[in-house]
Structure formats: C-alpha cells, structure tokens
Amino acid sequence: MLALLAACDIGETGADTGDSADTGADTADTADTADSADTGGDSGLPADDGWPAHFAAPYVDATAYPTVKVGDVAAETAVDHFTLAFVVAASATACNATWGTYYDVDTGPSAWDAGSEYFLYDQVATLRAAGGDVMVSFGGAANTPLEAACGSVEDVVAEYRRVIETLDLTRIDFDIEGSWVSDVDSVRRRSEAIVALQAWAASAGRPLHVWYTLPVLPTGLTADGLAVVQDAVEAGVILDGVNVMTMDYGDGVAPDPEGHMGDYGIAALAALNAQLAYAFPGAESDRWAHLGSTPMIGQNDVQSERFYVADAEQTREFAELHGVGMLGFWSINRDHPCAEETEWASGSCNGFTDVGDWAYAEAFAGYGE
Numbered sequence: 031m032l033a034l035l036a037a038c039d040i041g042e043t044g045a046d047t048g049d050s051a052d053t054g055a056d057t058a059d060t061a062d063t064a065d066s067a068d069t070g071g072d073s074g075l076p077a078d079d080g081w082p083a084h085f086a087a088p089y090v091d092a093t094a095y096p097t098v099k100v101g102d103v104a105a106e107t108a109v110d111h112f113t114l115a116f117v118v119a120a121s122a123t124a125c126n127a128t129w130g131t132y133y134d135v136d137t138g139p140s141a142w143d144a145g146s147e148y149f150l151y152d153q154v155a156t157l158r159a160a161g162g163d164v165m166v167s168f169g170g171a172a173n174t175p176l177e178a179a180c181g182s183v184e185d186v187v188a189e190y191r192r193v194i195e196t197l198d199l200t201r202i203d204f205d206i207e208g209s210w211v212s213d214v215d216s217v218r219r220r221s222e223a224i225v226a227l228q229a230w231a232a233s234a235g236r237p238l239h240v241w242y243t244l245p246v247l248p249t250g251l252t253a254d255g256l257a258v259v260q261d262a263v264e265a266g267v268i269l270d271g272v273n274v275m276t277m278d279y280g281d282g283v284a285p286d287p288e289g290h291m292g293d294y295g296i297a298a299l300a301a302l303n304a305q306l307a308y309a310f311p312g313a314e315s316d317r318w319a320h321l322g323s324t325p326m327i328g329q330n331d332v333q334s335e336r337f338y339v340a341d342a343e344q345t346r347e348f349a350e351l352h353g354v355g356m357l358g359f360w361s362i363n364r365d366h367p368c369a370e371e372t373e374w375a376s377g378s379c380n381g382f383t384d385v386g387d388w389a390y391a392e393a394f395a396g397y398g399e
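The working numbering numbers the first residue of the sequence shown as 31 and each following residue consecutively.
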C-alpha cells in the first residue's frame, strides 16, 4: 500500500495492491455472530479492548497532505474506527519508527488549516473522546519495514513498543506486500518480535490485538502469503485475523472486472476461509470472524478495475451474513469525487465525478456495531 498503492507482482507475491486488502463464492454457513465474536477466554486472544467484535476501520494515509482530521470525519460519517498507515523504518538501515519516513512517531503528522497547525494525534484524541479509536498499520508497499531495517528482534520490539505507547494502542496491523511477502528473514524476525511484544503486553495486563494484511487473488492467498501466516502461527503469534487486499488483481486472474469487483472480493474471502483452517481451527462458520477484506475504492491501480458503491454494499451484505471480522478500504483520503473522471488511481479522490464525499464510508458505517 502506497499513498497511491503501488501494484504488487501478481505471480508469486499476490495481487496488484494499492494499500490494503480483496466470482461468486461458496458462501458456506451463516456465522453465529455472538459465538464468533468471542475474543477472550479459551480463544487465546487478548482481553476486550472496547472495539466491536466485528468492525469497519478504513485506512487513512497518514502521510498524505493535508493530514486527515479523523475526528471530524467520524462526526460527518458515523465511521469511528480507522487504520492509520504506514509506520516504516526511517531508511533501509535506520531502525527508527516513522510515518512513511516523513514524520517521527513521537510527534506524528501535522498540517495547516486557516493559519493554524493541527496534529493527527490531537485528532485521535478527539475521536476517542467521542467513542472511536484507531489501530496503526506497520509496513505497506513503500519503504522498508522495521523488521528488515532493525538488526535484532529486540530492536524491532523496542520500536513497536514506542509506537504502541505513544498512541496508547490496543490494536496493530502488519501490512506485508510486494517483495516483503517473500523476504524470509524479515518474515521470521517479525514473527519473533510479535511473540515477544505479546508477552510484554500480557505481562503489563494490556490488550494487544494483532492483524495481518496481505495481497490476495480471487483464488485466495498465494503460496508466499500462506507462508507468512504459517510462520507467524508456528512462532506462536496470537493472530486476531488476516485481512486481505481485495484489489488490483490484474486481468489475468480477474477477467472482465467491470461490475464484478464485489464478486471477486467475496470469492477471495471464501477461499481464504478454507486456506486458514490450520491458523484458526474450528468450525468454518466461526472462522469468518478472523477474516477481513480491504478493497480499493473507486478506480484501482489496474485500469480495468473499479470498485463501485454497489460493490461496497455487496461486500457489507456478505460480511454481515457471515460475521466477517474486519472491513476496511483504501483509503479515507480518496473518499471524494474527482473534478473529472480518471483512468488512474488518485490519492485524493475516487476516480468518479458522480460519487460524492464519504460515499464509501457511509456504505460501511456502523458495521458490526
């Protein structure tokens, strides 16, 4: 996921991706929402942190200017949970957590409005005061993940903790895409660091929920993507769930996508459910609570792919039927009309002239609540 979400290699590393995560699918049995929502007790997951058991958390490109006022967006749209992206290393060799290499995590992104500077972290406080919250996503399509830049597991954990403590987070996401999906060393270091991080959180008595976000095809995760999840499971990571970037597939694996992006996303989720039986054992109907879908709204990076509001509504309907754990989209920054229709993915508008402000946010607003 880039500001514009750079396309990933469709072959070994998965779908062309913008930032995030997505033909007709085998819909399996309807999930029992109450049962699949259990996030504690025998499940081994962290204690409740106040988030809905099933939630919508659109991605925010925290490095794009002007900085999104998440508190204001929540007031306008009723979407009150967001995923802030992306925390990466300061450089390929600098083990220092930053927002996209542009802002240190201690102060965070800021912008100017009407002659006054405002800060993303102040907006997060406003959001929380109104009952909302954020999680932070590490990684993305651009720059270097901390797991690759830092020389040791201990150094990675220290940077994770710095981000978590700075923003008082109870949820984090790891967006693993591009060449990093197949980078064995950083995959293993990440797994080991998260295990240590979860041990620290448990000893401190604080909830810490962990999601992975990966590229996907309509047929499910690639072999490399599956290996990332398997490495985490074998290392002892307690995963809340796996979110997939239902976007930028490419014509070779998703032919004739016009009007069918919702179908392809549902197919990807159905395939993912079957693939992750080893990671989330138990009934198939319960597994949906550990899955997420993040489409790229409007015009995708792949020119033939456009995700319409109708696709968002179809995705939500499927998610509600089965109890899908997470819905996101890339990105809240783009949830605006463009001045003219485009065949390329803008970082600040959805590619359409007739799809208004917050149309996609409103399609997902209140999911799971």
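Backbone N, C-alpha and C fix where the C-beta goes; we use that ideal spot for every residue, glycine too.
Simplified DSSP state of Gln228, which is helix, strand or coil: Helix at Gln228.
query: What residues are listed by DSSP as bridge partners for Gln329?
result: For Gln329, the beta-bridge partners assigned by DSSP are Arg336.
message: Taking the beta strand (DSSP E) that Tyr242 belongs to, which residues open and close that run?
response: Annotation: the continuous beta strand (DSSP E) that includes Tyr242 extends over 239-245.
- request: Please name the residue, chosen from Glu371, Ala265, Leu114, Ala395, that lies closest to Asp205 on a Cα-to-Cα basis.
  value: The shortest C-alpha separation from Asp205 is found at Leu114.
message: Going by DSSP in three states, Trp129 sits in which element: helix, strand or coil?
response: The answer is strand: DSSP assigns Trp129 an E or B state.
query: Who does Glu195 pair with in a DSSP beta bridge?
result: Paired residues: none, contrary to the question.
message: Restricting to Cα atoms, I'd like to know which of Glu264, Glu343, Ala120, Ala105 is closest to Gln153.
response: Per the Cα distances, Ala105.
- prompt: In terms of residue numbering, what span does the beta strand (DSSP E) encompassing Thr156 cover?
  reply: Taken as a continuous stretch (DSSP letters only), Thr156 belongs to no beta strand (DSSP E), being part of the alpha helix (DSSP H) at 150-159.
- prompt: Out of curiosity, what's the CA-to-CA distance linking Ala61 and Asp316?
  reply: Note that Ala61 scores a pLDDT of 36, beneath 50, so its modelled location is shaky and nothing firm can be said.
- request: For Asn273, name the three-state secondary structure that DSSP assigns.
  value: In this structure, Asn273 counts as strand in the three-state DSSP scheme.
query: Phe85 bridges to which residues according to DSSP?
result: For Phe85, which the question treats as bridged, DSSP gives the partners Met356.
task: Count the other CB atoms, across all protein chains shown, that sit within 10 Å of the CB of Pro88; report buried if there are 16 or more and exposed otherwise.
output: Buried: at least 16 other Cβ atoms inside 10 Å.
query: Is the distance from the Cβ of Met275 to the Cβ of Pro245 below 8 Å?
result: In this structure, Pro245 lies closer than 8 Å to Met275 by Cβ.
field: Unbroken alpha helix (DSSP H) run spanning Ser315, endpoints
entry: DSSP places Ser315 in the uninterrupted alpha helix (DSSP H) bounded by 314-317.
For Asp203, the residue or residues it bridges with in DSSP: Beta-bridge pairing links Asp203 to Ser167, Trp241.
field: Validate contact between the region 383-394 and the region 339-346 using beta carbons, cut 8 Å, 3 pairs
entry: Contact holds between the region 383-394 and the region 339-346, because three or more Cβ pairs, one in each stretch, are under 8 Å apart.
message: What ranges does the alpha helix (DSSP H) occupy inside the region 91-148, keeping only unbroken runs of at least 4 residues that lie completely in it?
response: If we require 4 residues or more, the alpha helix (DSSP H) runs fully inside the region 91-148 come out as 100-107.
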